[in-house]
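As structure tokens, the structure follows; a few thoughts come after it.
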Amino acid sequence: MNGENLLLLSFILFSLSLLVFLTNRNLLIMLMSLELMLNAANIALVNFAFVRRSAEPAAWLFMLFAVAAAEAGIGLAILLMLARTFKTLRADLINKLRG
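Following my numbering from start to finish, the sequence shown increments by one per residue and tops out at 85.
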């Protein structure tokens, strides 16, 4: 698989996950599509490292993995709290903001 195909795969994955993120109202599915967008960015970054024959983008990849893991953990904790509080994960039904 050459660099152009990997970049096309990354673009398609990012576009489809963005479409799911914008059209779906379930917060869990929105979080999963956000993770897919991060994975698409990771694929593009690996592609750039492969094309440029450089180790610098590959080093950034490990930083992105750490950020994605932290984001997933915090996001799931927030979703668990919202599910317990509002008894739903629908974004359009969770509209109460109070301190």
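Think of the CB as a built atom: it goes at the ideal place given N, C-alpha and C, for glycine as much as any other residue. Small disclaimer: the values here were computed from a predicted structure and weren't measured.
Taking C-beta to C-beta, are residue i and residue j nearer than 8 Å?
i: Leu75; j: Ala69; result: yes
i: Leu87; j: Leu22; result: Outside the shown range of the chain, which is -13 to 85, sits residue 87, and nothing can be said about it.
i: Ala77; j: Leu14; result: no
i: Pro43; j: Phe34; result: yes
i: Leu24; j: Leu47; result: no
Tell me the residue span of the alpha helix (DSSP H) that contains residue i.
i: Met67; result: Glu42 to Phe72
i: Asn25; result: Leu13 to Arg38
i: Asn(-12); result: Looking at the DSSP string, Asn(-12) is not in any alpha helix (DSSP H), and its letter there is neither H nor E.
Alpha carbon to alpha carbon, how far is residue j from residue i? Give it in angstroms, no decimals.
i: Phe36; j: Ala26; result: 15 Å
i: Ala54; j: Phe(-3); result: 19 Å
i: Arg11; j: Asn28; result: 25 Å
i: Arg39; j: Met49; result: 19 Å
i: Leu8; j: Ala41; result: 34 Å
i: Ala58; j: Ile80; result: 20 Å
i: Gly(-11); j: Ser1; result: 18 Å
i: Ile60; j: Met(-13); result: 35 Å
i: Val6; j: Ala56; result: 22 Å
Which word fits residue i, buried or exposed, when buried means at least 16 other C-beta atoms lie within 10 angstroms of its C-beta?
i: Met16; result: buried
i: Asn(-9); result: exposed
i: Ser19; result: buried
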